[in-house]
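These notes concern the structure reproduced below.
Number of protein chains: 2
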Amino acid sequence: MANEAPRDRKRHRSRSHILAAARELILEKGAEALSLREVAARAGYSPASLYEYFDGKDDLVATLVAESHARLNARMRALPTALPPPRRLIRLGQAYLAFARENPEDFALFFGRTPSKRQAAADPVTGSAYEVLRDAVVAGLEDGTMRPEAGGDAEEIAYGFWALAHGLATLQLTHLRGFQADFEAADLRALETYVAGLMPR
Amino acid sequence: MANEAPRDRKRHRSRSHILAAARELILEKGAEALSLREVAARAGYSPASLYEYFDGKDDLVATLVAESHARLNARMRALPTALPPPRRLIRLGQAYLAFARENPEDFALFFGRTPSKRQAAADPVTGSAYEVLRDAVVAGLEDGTMRPEAGGDAEEIAYGFWALAHGLATLQLTHLRGFQADFEAADLRALETYVAGLMPR
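Protein chains in written order, with the numbering used here: chain R, 1 to 201; chain A, 202 to 402.
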């Protein structure tokens with residue numbers, strides 16, 4: 001960025017500005033209802049000038065989705081890897097929840113409106129935020145800190161834990177928005193309860 | 202219904218028909234984007250004639266939401282109450298998931314688009330689907346089949362379990378739609394894992 005020409009910097013700022021407007025509109029109305037006309041109006045551009053920055057609605061949404069995933073992924077990967085796997089899993093769940101609270105548009109867009117690139121457990125997870133979660137479970141099964149009575153391989157255990165964090169985040173952003181409670185404390189207890197269910201007896 | 206006059210029956214059918222059209226549109230575009238004009242077109246009525254059946258969009262949506270909750274509630278309350286509380290909790294989670302799979306419009310409408318009537322744990326839960334879940338946890342804490350190391354009162358434990366079932370359902374209806382997996386088996390293992398984490402050690 002430091003070496004960008006002024007013209008490139010301006011272009012970069014314009015793109016960011018348009019993306020921010022689109023992200024707001026998606027949170028308000030959903031990605032299906034997003035129209036370039038509305039994005040243009042919100043960002044203060046003419047509809048035609050948007051095409052200088054994006055090839056169309058699909059390109060705009062794809063850019064937003066990629067950005068959202070990159071943010072979540074960076075957040076998950078910033079955690080120390082040296083923690084014991086059960087502790088690490090809980091920290092990852094908390095990071096996921098913090099991301100959802102601080103970036104509700106990204107969360108709604110990435111998970112609520114776009115399909116996973118993977119279509120089966122055999123598909124690669126390389127580089128994704130989900131990979132970080134699954135790796136923590138793989139480590140826990142390998143070092144014996146996890147041995148759930150209910151069974152399940154790393155994929156299933158990671159899926160269940162992810163679903164728990166996802167459900168906590170989703171309820172707080174939708175049905176329970178405005179509900180008065182100490183959600184951070186309740187979320188931690190829920191994550192700990194699930195992880196306790198993974199421990200050997 | 203058996204004693205309804207033909208005119209009332211026709212009115213009842215028309216209302217049901219309009220509600221079904223509205224439910225479809227909400228699933229496609231979300232409740233915010235719902236327009237009476239589109240509902241009328243989908244149901245084959247003129248926009249003006251919709252007002253013979255509903256006072257407007259808010260009335261229509263409120264009717265749908267009440268119906269959705271009544272369906273879920275009936276489903277949850279149909280389960281045998283004599284099961285041991287941990288087993289009962291798992292069955293309730295499975296019923297919630299089956300409801301979401303079979304009634305994705307109801308699920309999305311009730312949870313994704315409308316706020317809870319309760320705004321704090323002190324508010325009453327009487328008669329709701331959530332009450333059934335919380336009652337199972339209360340029973341488990343009372344008879345000692347549940348004593349989570351992570352702590353939490355009945356409200357927090359029920360919230361965590363609900364969030365797990367909600368996250369499993371939500372991921373399958375959105376981000377993981379089309380993902381090839383035995384979700385019913387994986388969901389059962391996830392519910393069992395959470396409940397195992399509630400057991401005394």
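C-beta atoms are modelled at their ideal positions from N, C-alpha and C, and glycine is treated no differently.
Burial check for A/A386: the Cβ neighbour count within 10 Å stays below 16, so the residue is exposed. For R/Q180, the secondary structure class from DSSP, reduced to helix, strand or coil, is strand.
Contact note: R/K29 reaches chain A through G231, E233, A234, using a C-beta cutoff of 8 angstroms and chain order. Note on A/H213: under 16 other CB atoms within 10 angstroms of its CB, so exposed under the neighbour-count rule. Taking C-beta atoms under 8 angstroms as the contact rule, R/L34 and R/I26 qualify, at a distance of about 6 angstroms. Non-local C-beta neighbours of A/A223 in its own chain, meaning closer than 7 angstroms and more than five positions away in sequence, comprise L235, V240, L261, L265, ordered along the chain.
As far as DSSP is concerned, R/A74 takes part in no beta bridge. Taking 8 angstroms as the upper bound for CB-CB distance, A/T371 and R/T170 are in contact here, some 5 angstroms apart. When DSSP assignments are scanned along the segment 251–301 of chain A, the uninterrupted stretches of alpha helix (DSSP H) that are 4 or more residues long and fall wholly within it turn out to be 258–278. Annotation: the continuous alpha helix (DSSP H) that includes A/P207 extends over 207–230.
Between R/R88 and the set R/A136, R/P148, R/D55, the nearest pair of CA atoms involves R/A136. Residue burial is scored here from C-beta neighbours: R/T193 has at least 16 other C-beta atoms within 10 angstroms and is therefore classed as buried.
Taking a Cβ-Cβ cut-off of 7 angstroms, the neighbours of R/Q180 in chain A comprise Q320, A321, given in sequence order. At least 8 angstroms separates the CB of R/Y51 from every CB of chain A. As DSSP reads the structure, A/A323 sits in no beta bridge.
Here the alpha carbon of A/R278 sits roughly 7 angstroms from the alpha carbon of A/V333. In this structure, R/R15 and R/Y53 form a Cβ contact; the two beta carbons are roughly 5 angstroms apart against a cut-off of 8 angstroms. With respect to chain A, the C-beta atom of R/A150 has a partner C-beta closer than 8 angstroms.
For R/E142, the nearest beta carbon of chain A is not closer than 8 angstroms to its own beta carbon.
In this structure, R/R75 is the residue among R/P47, R/T81, R/R75 with its C-alpha nearest to the C-alpha of R/E102. Across the structure, A/F384 and A/D209 are spaced so that their CA atoms are roughly 43 angstroms apart.
The residue from A/E306, A/D307, A/P305, A/R314 with its alpha-carbon nearest to that of R/A108 is A/R314.
Shown in chain order are the members of the segment 304–316 of chain A whose Cβ falls below 8 angstroms from a Cβ of chain R: F311, F312, G313, R314, T315, P316. Secondary structure note for A/L369: its alpha helix (DSSP H) is the uninterrupted segment 355–374. Remark: C-beta atoms of R/L79 and R/A95 approach each other more closely than 8 angstroms. Between A/L251 and A/I219, the gap from beta carbon to beta carbon is short of 8 angstroms.
When DSSP states are grouped into helix, strand and coil, A/L392 belongs to the helix group.
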